Amino acid sequence: MSQIVHNGKPVTTYGHLPEKGERAPHFELLKSDLSVATLQDFKGKRVIMNIFPSIDTNVCATSVRNFNERVAELDNVVVLNISRDLPFAQERFKNENDVGNVTNLSDFKERNFGKDYGLEMIDGEWEGLLSRVVIVLDENGKILHTEQVKEIDQEPDYLEALKPLL
């Protein structure tokens, strides 16, 4: 288990993130049309997993906009915004904010992603939501970079996340 901080209080996450050099665990997440997306769907592309508690919070929304802008000039890179928000809320945000370089995916139904990736918050005010994490994968699903943001109210280190893709 890992420790992060939310509003100055310690929060425990379900486990530990997968490590650099490992293959990313399989996932099944919902797209905005309620169809299922899997890790296999993105094979052959470099992937930034931008994981966060809720797209309707300021820091989470900022990370979506930031990654949307930063990947516009990168080749063969897809950004997956992953949260437990309903797919409808994710789609509304995408439409209202003109963030066409990202794909929103939801873990609200099966709720396995947070456990399989060791990043679900298991106590604190946001218990049951996903912690703020960035995981970068190569074209074959091998992990190039991970960051679990220690203070949930802070943004991830965008430059460090993008370094393996430059």
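Going by my numbering, 826 is the number at position 38 of the sequence shown; the sequence numbering is gapless. We put the beta carbon where it would ideally sit given N, CA and C, even for glycine. From a predicted model like this one, the values you see are computed outputs, not experimental measurements.
query: With DSSP as the reference, label Val866 as helix, strand or coil.; result: strand
query: Got a sec? Which residues, its chain only, sit under 6 angstroms from Glu915 by beta carbon, not counting five neighbours each side?; result: Met909
query: Runs of 3 residues minimum, wholly inside the stretch 904-954: which ones carry the beta strand (DSSP E) assignment?; result: 921-925, 931-936
query: Considering only the beta carbon of each residue, do Asn856 and Val890 sit closer than 8 angstroms?; result: yes
query: Between the stretch 818-837 and the stretch 868-883, do three or more beta carbon pairs fall short of 8 angstroms?; result: yes
query: Going by DSSP in three states, Asn856 sits in which element: helix, strand or coil?; result: helix
query: Arg880 lies in the beta strand (DSSP E); which residues open and close that run?; result: From DSSP, Arg880 is part of no beta strand (DSSP E) but of the alpha helix (DSSP H) over 875-885.
query: Less than 8 angstroms between the beta carbons of Ala877 and Ile843, yes or no?; result: yes
query: Beta carbon of Gly902, beta carbon of Asp911: below 8 angstroms?; result: no
query: Pick helix, strand or coil for Thr800, following the three-state DSSP scheme.; result: strand
query: Within the continuous beta strand (DSSP E) that includes Met837, where are the two ends?; result: 834-839
query: Assuming contact is defined by CB atoms lying nearer than 8 angstroms, are Leu917 and Tyr802 in contact in what I supplied?; result: no
query: Per DSSP, His794 is paired with what?; result: Lys797
query: Between the alpha carbons of Arg811 and Val924, how many angstroms are there, rounded?; result: 11 angstroms
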